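Visitor: So the sequence shown is numbered by the working numbering: it starts at 46 and just counts up by one.
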Amino acid sequence: MKKAFYLLTIALIIISFLPAYLFAQNGTVKQVKLTNFDLQSSSQVSASGEELSKSNYKYKGYWFPVKVPSTVLTGLVANHIYPDPYQGLNNMLIPDASDQFNKEYNLEQYSYLPNEPNPWKKPYWYRTTFKVPAGDKGRHFQLIFEGINYRAAVWVNGTQIADSTQMAGMFADYNLDVTNAITTGCENTLAVKIYPLDYAGYPAKEQLQALGPFFENGGPTGDIGKNVTMLCSVGWDWIPPVRDRNMGIWQPVYLRTTGAVTIGHPKLVTELPNLPDTSVAKLSLNLSLSNHGATEQKGKLSISIKPENFAGLPVQFIQNETVAANGITMVDLNAEKISQLLIHQPHLWWPNGYGKANLYRIRLQFMDGKGIADDTSFVFGIRTASSTATNVRGFVRRDFYVNGKKVHLNGGAWVPDMMVNRDSARYDYEMHLCRNANVNLVRIWGGGVTPPDAFWNAADKYGEMVWSDFWVTGDTQGEFKGSPDWPIEGNVFVKNIVSTIYRIRNHPSLLVWTGGNEGHARKELYDAMRDNIIAMDGTRPFIPSSSGYAKLPAGWKGSYPDDMPSGVYSGGPYQWEDPKVYYKKADFGGDWVFKDETGIPSQPPYTTLAKTIPDLVWDTKLPYPLNNSWGYHDACTGAAQYDKYYNEMVKRYGQPSTLVNFSDKMQLMNWVGYQGIFEAAGHKLNETGGVMLWKLNSALPSVVWQIYDWYLEPNAGYYAMQNAVEPLHIQFNQDDSTAAVINRMHRATGLLTATADIYDINSKLVKTFSVNHIGLAEAGTQEVIHLKEILKTAKGVSFVVLNLTNATGKTVSHNVYWMAPGDDLTGFNSLQQAQVQVKVLKAEKGISENKWTLQVSNKTDKIAFFVRPQLMQNGEEVMPSYWTGNYFTLAPNERITISVSAPVAKLGKEQPTVLLEGWNIPKQVISLTVK
């Protein structure tokens with residue numbers, strides 16, 4: 046039995062970059078990533094695909110070497126043909142895909158192609174060669190394209206495999222049978238012809254003026270919506286037009302080698318049949334076995350399940366299966382048939398903040414008489430997802446549940462990189478940043494992209510629930526502009542839907558499918574979307590739109606499975622508001638019963654300012670320190686109202702005196718703004734379904750709508766959110782001056798003590814309030830201290846310092862607020878100096894991350910305000926760094942314990958240090974040596 050077991054656990058070989066012939070092994074399942082391609086415009090290459098895909102093809106010109114995945118523009122930037130469009134105004138030195146737009150801005154002059162004013166109008170060729178070992182003769186070969194944009198045709202060794210009618214749309218993957226075209230024992234040639242979008246889309250006016258207007262999202266007509274693509278590639282109010290519209294091979298290409306029988310489209314469903322009891326889980330598994338050979342295949346299907354990120358015993362079973370010649374056998378297994386699919390005491394997958402994101406790995410192998418024909422595995426979580434809809438004074442509120450427990454959604458929209466250049470490490474960093482901020486929900490916005498597998502794997506790992514819009518927006522499909530007749534080719538849209546459902550339906554992180562952003566596809570496509578989700582998945586909710594303001598036409602079916610309206614609402618506010626405004630909105634209810642789009646401009650810290658705005662020469666016609674290049678990076682009016690944000694900063698804190706002072710004052714604005722959003726929603730925890738930002742991240746260096754920037758640098762708002770949505774929290778209602786305890790956990794808090802200390806601008810303790818023996822038995826809120834009377838008489842700046850301690854005296858929540866009559870906080874400019882001391886308590890080295898724990902103590906009689914530690918190496922901040930607290934304020938004789946971790950890949954060999962700064966403390970450099 047041992048020998049048989051070991052044979053069954055032969056590892057699937059996944060090889061990147063290295064030649065396949067180095068790994069020749071008869072009967073081995075292999076998946077080789079094809080990375081090194083050459084790129085050239087078809088305007089420069091007269092040869093056909095048949096000719097280009099032959100090994101004897103010769104070209105007297107030059108081909109650009111590119112690393113796939115790569116869009117065309119990414120490849121040309123890497124080859125120094127065009128400047129980096131992320132930086133400054135470089136994008137204005139690159140022609141656009143729209144001829145009309147090029148003429149308006151005289152961009153034709155920048156075309157690198159002779160006699161071709163628009164370098165994106167004709168297709169591009171991607172060409173590569175690869176070797177297949179002689180020992181693989183008789184095996185089955187598949188070319189897998191995980192994502193192209195917009196159409197593709199494929200040739201291998203002179204044979205056309207697919208044409209541009211078969212490969213269309215940005216969100217489908219393609220599995221092409223190339224068995225008959227492959228030659229074993231020698232070099233093979235692949236040629237891929239990538240076509241531009243069918244309709245380039247006409248962008249809105251460029252944002253070339255700081256504090257000038259934003260122009261139309263998706264362009265003046267929304268005609269990018271004629272395609273099934275990344276709709277924001279034509280430009281939105283946070284991303285400029287992507288010049289080539291991201292045409293290219295934007296996801297990996299693999300050559301997969303198997304036996305005659307392959308495993309297809311596995312679907313794993315987990316049920317908790319006895320909720321609220323979670324002691325038993327039932328699993329069901331469906332998949333197809335496809336026989337690509339001319340003879341019947343009899344074999345064994347081996348299924349093994351084992352813990353992925355926790356300790357436990359594996360289970361395994363084997364099924365005998367027969368697949369007819371050139372036929373397909375459907376396999377349907379469940380806990381009623383297979384005892385191993387009945388899991389006792391399962392380790393459940395929980396969202397961030399509610400428990401551990403426990404994961405299992407399932408491995409599927411089909412063995413025939415020649416050995417292992419196919420071998421695949423994927424990670425899954427045991428969990429259920431559901432929702433309810435409740436009518437609250439004329440607004441439908443949607444609530445979501447995981448494993449039978451309500452989860453309050455705290456998160457925001459996540460947008461794609463401008464040129465879709467994120468890799469697996471970047472996805473991991475971003476999802477880790479989200480987890481660290483206590484984000485539990487990431488929304489894939491409908492004008493962007495459904496991200497690749499690396500994103501979903503990271504979301505599964507970090508416990509991030511995902512709300513996934515399909516590729517519809519109100520700006521392109523007729524709600525605001527555009528047309529319901531778009532996309533024009535409905536069959537391409539549906540094919541991309543089906544492919545996407547197959548690809549991501551097994552991920553436990555996927556919480557809800559959404560029909561689109563602030564709008565709907567036309568009825569035939571809406572129905573196809575909804576029906577396919579039910580038929581192909583059916584395990585999680587579907588809602589018609591990201592905005593309840595986008596009403597479904599009469600007779601259309603609503604959400605699944607309750608047939609109710611969406612129950613979620615966009616509409617902002619998107620500009621900076623005083624926290625009192627958010628509290629009033631939460632108290633009123635209305636669309637704040639579930640607000641899925643709100644946010645503020647979010648100036649990055651000084652650390653990345655010079656990277657965000659490379660030209661920092663002040664234009665004295667504009668407020669300090671702006672110049673017009675800031676406009677291209679979103680310092681504009683429009684929805685974000687950067688002008689209001691700036692003016693409010695000056696009103697509250699005074700004119701900035703230096704770039705550092707400007708950046709620091711903007712961080713105060715960020716903290717107060719994000720704190721207000723999330724604490725106002727928490728104040729009505731059980732009366733709201735959630736609150737979500739527009740947005741979490743950025744597509745390029747930007748100064749609006751982000752809690753961390755394009756360089757992975759969090760701003761102060763990130764840490765305000767981290768604090769505001771911690772599982773157990775004390776907060777101050779800035780509308781009615783009441784302190785309250787917020788319990789987001791699915792369990793009792795135990796006995797707690799709440800303390801409120803009020804200080805004046807000179808750090809004099811004005812009043813202390815303390816309440817003992819408080820707590821909550823379940824998730825909810827509890828008002829504990831009323832401060833209105835004492836604050837009503839305050840003159841000048843006041844600090845409210847809140848602490849929540851448990852029965853052992855340990856501080857479990859710490860929070861600080863600052864206020865003044867008329868919001869005159871200019872007294873901060875002369876805040877008396879404090880001094881803090883730092884002790885390194887622990888240093889931990891890990892496989893992927895290193896971690897340090899520090900204690901920061903304020904042993905003076907002055908408040909240490911807005912203390913900011915940074916993990917540094919060689920004079921640069923390490924990004925990403927994951928701090929458990931930052932931009933914190935310590936009352937006199939107060940201390941805090943914080944930790945920071947960072948990826949080993951970003952740390953290098955030298956020991957980092959901590960740079961400690963603050964509003965009124967001297968800079969310190971801390972050695973990370975435990976003493």
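We put the beta carbon where it would ideally sit given N, CA and C, even for glycine.
Keep in mind it's a predicted model, so treat the numbers as computed, not measured.
#1: Which word fits residue 970, buried or exposed, when buried means at least 16 other C-beta atoms lie within 10 angstroms of its C-beta?
#2: Evaluate the contact criterion for the segment 647-655 versus the segment 448-459: three or more CB pairs, one atom per stretch, below 8 Å.
#3: Check whether the Cβ atoms of residue 492 and residue 276 sit closer than 8 Å, and answer yes or no.
#4: Using three-state DSSP, classify residue 587 as helix, strand or coil.
#5: For residue 712 and residue 510, I'd like the C-alpha separation in whole angstroms.
#6: When the Cα atoms are used, what is the spatial distance from residue 966 to residue 708?
#7: Where does residue 67 land, buried or exposed, given buried means 16+ other C-beta within 10 angstroms?
#8: Round the Cβ separation of residue 460 and residue 740 to the nearest angstrom and send it over; I've been treating them as touching at under 8 Å.
#9: Based on DSSP bridge pairs, tell me the residues matched to residue 510.
#10: Shortest alpha-carbon distance to residue 604 belongs to which of 502, 635, 558 and 568?
#11: Within the continuous alpha helix (DSSP H) that includes residue 712, where are the two ends?
#12: Identify every run of the alpha helix (DSSP H) within the segment 624-705, keeping only runs that are complete inside it and at least 4 residues long; order them along the chain.
#13: DSSP state of residue 124, grouped into three classes?
#14: Below 8 Å on the Cβ atoms is my contact criterion, and I expect residue 334 with residue 366 to pass it. Report the Cβ-Cβ distance as a whole number of Å.
#15: Which ranges does the alpha helix (DSSP H) cover as unbroken runs of at least 4 residues, wholly within the segment 771-831, from first to last along the chain?
#16: Name the one or two DSSP bridge partners that residue 848 has.
#17: Is the beta carbon of residue 594 sitting closer than 8 Å to the one on residue 616?
#18: Counting only the same chain and skipping the five closest in sequence on each side, list residues whose C-beta sits under 7 Å from that of residue 974.
#19: Look at the alpha carbon of residue 968 and the alpha carbon of residue 880, and state the distance between them as a whole number of angstroms.
#20: Using alpha carbons as the reference points, say which of 190, 250 and 290 lies closest to residue 164.
#21: Taking 8 Å as the cut-off, decide whether the C-beta atoms of residue 544 and residue 563 are in contact.
#22: At what residues does the beta strand (DSSP E) containing residue 363 begin and finish?
#23: My output table needs one value for residue 471: the three-state DSSP class, helix, strand or coil.
#24: Measure the Cβ-Cβ separation of residue 539 and residue 573 and say whether it is below 8 Å.
#25: Assuming the contact rule is C-beta atoms closer than 8 Å, residue 240 and residue 209 should be a hit. Round their C-beta distance to whole Å, please.
#26: With DSSP collapsed to three states, give me the class of residue 540.
#27: Report all residues from its chain with a CB closer than 8 Å to the CB of residue 266; omit the five preceding and five following residues, and keep chain order.
#28: Which of the three DSSP states is assigned to residue 970 in this structure?
#29: Return the residue from the list 553, 608, 187 and 345 that minimises the CA-CA distance to residue 434.
#30: Distance, Cα to Cα, residue 195 vs residue 941?
#31: Taking the C-alpha atoms as reference points, what is the distance between residue 355 and residue 870?
#32: Looking only at its own chain, which residues have a Cβ that is under 7 Å from the Cβ of residue 683, when we skip the five neighbours before and after it?
#33: Quick check: residue 177 and residue 220, are their CB atoms within less than 8 Å of each other?
#34: Distance, Cα to Cα, residue 961 vs residue 913?
#35: Pull up the distance between the alpha-carbon of residue 396 and that of residue 166, whole angstroms please.
#36: Cutting at 7 Å between CB atoms, please list the residues of its own chain near residue 535, excluding the five before and the five after it.
Guide: Looking at the atomic coordinates:
#1: Here residue 970 corresponds to residue number 925 of the sequence shown, with the count starting at 1. Answer is exposed; the Cβ neighbour count stays below 16.
#2: no
#3: By 1-based counting over the sequence shown, the position of residue 492 is 447. By 1-based counting over the sequence shown, the position of residue 276 is 231. The answer is yes: Cβ separation under 8 Å.
#4: Taking the sequence shown and counting its residues from 1, one reaches residue 587 at position 542. Three-state DSSP puts residue 587 in a strand.
#5: Taking the first residue of the sequence shown as position 1, residue 712 is located at position 667. Taking the first residue of the sequence shown as position 1, residue 510 is located at position 465. Cα to Cα, residue 712 sits roughly 28 Å from residue 510.
#6: The sequence position of residue 966 within the sequence shown is 921, counting from 1. The sequence position of residue 708 within the sequence shown is 663, counting from 1. Cα to Cα, the separation comes out at about 17 Å.
#7: By 1-based counting over the sequence shown, the position of residue 67 is 22. In this prediction, residue 67 has a pLDDT of 28, which is less than 50 and means its spatial position is unreliable; what the coordinates show is noted afterwards. Classification for residue 67: exposed.
#8: Translated into the one-based positions of the sequence shown, residue 460 becomes position 415. Translated into the one-based positions of the sequence shown, residue 740 becomes position 695. Going by Cβ atoms, the distance from residue 460 to residue 740 rounds to 6 Å, so yes, they are a contact pair.
#9: Residue numbering aside, residue 510 sits at position 465 when the sequence shown is read from its first letter. DSSP output for residue 510 lists 486 as bridge partner(s).
#10: As a working mapping, residue 604 is identified with position 559 in the sequence shown. The shortest C-alpha separation from residue 604 is found at 558.
#11: Sequence index remark: in the sequence shown, residue 712 carries index 667 (1-based). Here the alpha helix (DSSP H) through residue 712 covers 704-728.
#12: Here the runs fully enclosed are 624-633, 654-657, 674-677 and 687-698.
#13: To locate residue 124, count along the sequence shown from 1; it is residue 79. Here residue 124 sits in coil by DSSP.
#14: Working through the sequence shown from its first residue, we reach residue 334 at position 289. Working through the sequence shown from its first residue, we reach residue 366 at position 321. Indeed they touch by this definition, with Cβ atoms about 6 Å apart.
#15: none
#16: The sequence position of residue 848 within the sequence shown is 803, counting from 1. Answer by DSSP bridge pairing, in chain order: 800 and 859.
#17: The residue given as residue 594 occupies position 549 in the sequence shown. The residue given as residue 616 occupies position 571 in the sequence shown. Going by C-beta atoms, residue 594 is nearer than 8 Å to residue 616.
#18: By 1-based counting over the sequence shown, the position of residue 974 is 929. Same-chain partners within the cutoff: 885.
#19: As a position in the sequence shown, residue 968 is number 923, starting the count at 1. As a position in the sequence shown, residue 880 is number 835, starting the count at 1. When the Cα atoms are used, residue 968 and residue 880 turn out to be separated by approximately 10 Å.
#20: Taking the first residue of the sequence shown as position 1, residue 164 is located at position 119. Taking only the C-alpha atoms, the option nearest residue 164 is 290.
#21: Here residue 544 is taken as the residue at index 499 of the sequence shown, counted from 1. Here residue 563 is taken as the residue at index 518 of the sequence shown, counted from 1. Against a cut-off of 8 Å, the Cβ pair of residue 563 and residue 544 comes out as no contact.
#22: For the purposes of this step, residue 363 is taken as the residue at position 318 of the sequence shown. Run containing residue 363: 360-368, per the beta strand (DSSP E) assignment.
#23: Numbered from its first residue, the sequence shown carries residue 471 at position 426. Residue state, collapsed to three classes: helix.
#24: Counting from 1 along the sequence shown, the entry for residue 539 is found at position 494. Counting from 1 along the sequence shown, the entry for residue 573 is found at position 528. Yes.
#25: In the sequence shown, the residue the question calls residue 240 occupies position 195. In the sequence shown, the residue the question calls residue 209 occupies position 164. Confirmed, Cβ separation roughly 6 Å.
#26: Counting from 1 along the sequence shown, the entry for residue 540 is found at position 495. It is helical.
#27: Residue numbering aside, residue 266 sits at position 221 when the sequence shown is read from its first letter. For residue 266, where only same-chain residues beyond five positions count, the Cβ hits under 8 Å are 247, 526 and 527.
#28: Position 925 of the sequence shown holds residue 970. Strand, per DSSP.
#29: What you label residue 434 is simply residue 389 of the sequence shown in a count that begins at 1. Per the Cα distances, 608.
#30: Your numbering for residue 195 matches position 150 in the sequence shown. Your numbering for residue 941 matches position 896 in the sequence shown. Distance from the CA atom of residue 195 to the CA atom of residue 941, rounded to whole angstroms, is 53 Å.
#31: What you label residue 355 is simply residue 310 of the sequence shown in a count that begins at 1. What you label residue 870 is simply residue 825 of the sequence shown in a count that begins at 1. Answer to the nearest angstrom: the Cα atoms are 50 Å apart.
#32: Here residue 683 refers to the residue found at position 638 of the sequence shown. Excluding positions up to five away in sequence, the list reads 258, 259 and 282.
#33: Taking the sequence shown and counting its residues from 1, the one referred to as residue 177 is at position 132. Taking the sequence shown and counting its residues from 1, the one referred to as residue 220 is at position 175. Cβ atoms of residue 177 and residue 220: not closer than 8 Å.
#34: Here residue 961 corresponds to residue number 916 of the sequence shown, with the count starting at 1. Here residue 913 corresponds to residue number 868 of the sequence shown, with the count starting at 1. Answer to the nearest angstrom: the Cα atoms are 6 Å apart.
#35: Position 351 of the sequence shown, counting from 1, holds the residue named residue 396. Position 121 of the sequence shown, counting from 1, holds the residue named residue 166. Cα to Cα, the separation comes out at about 45 Å.
#36: Here residue 535 refers to the residue found at position 490 of the sequence shown. Contacts found: 569 and 570.
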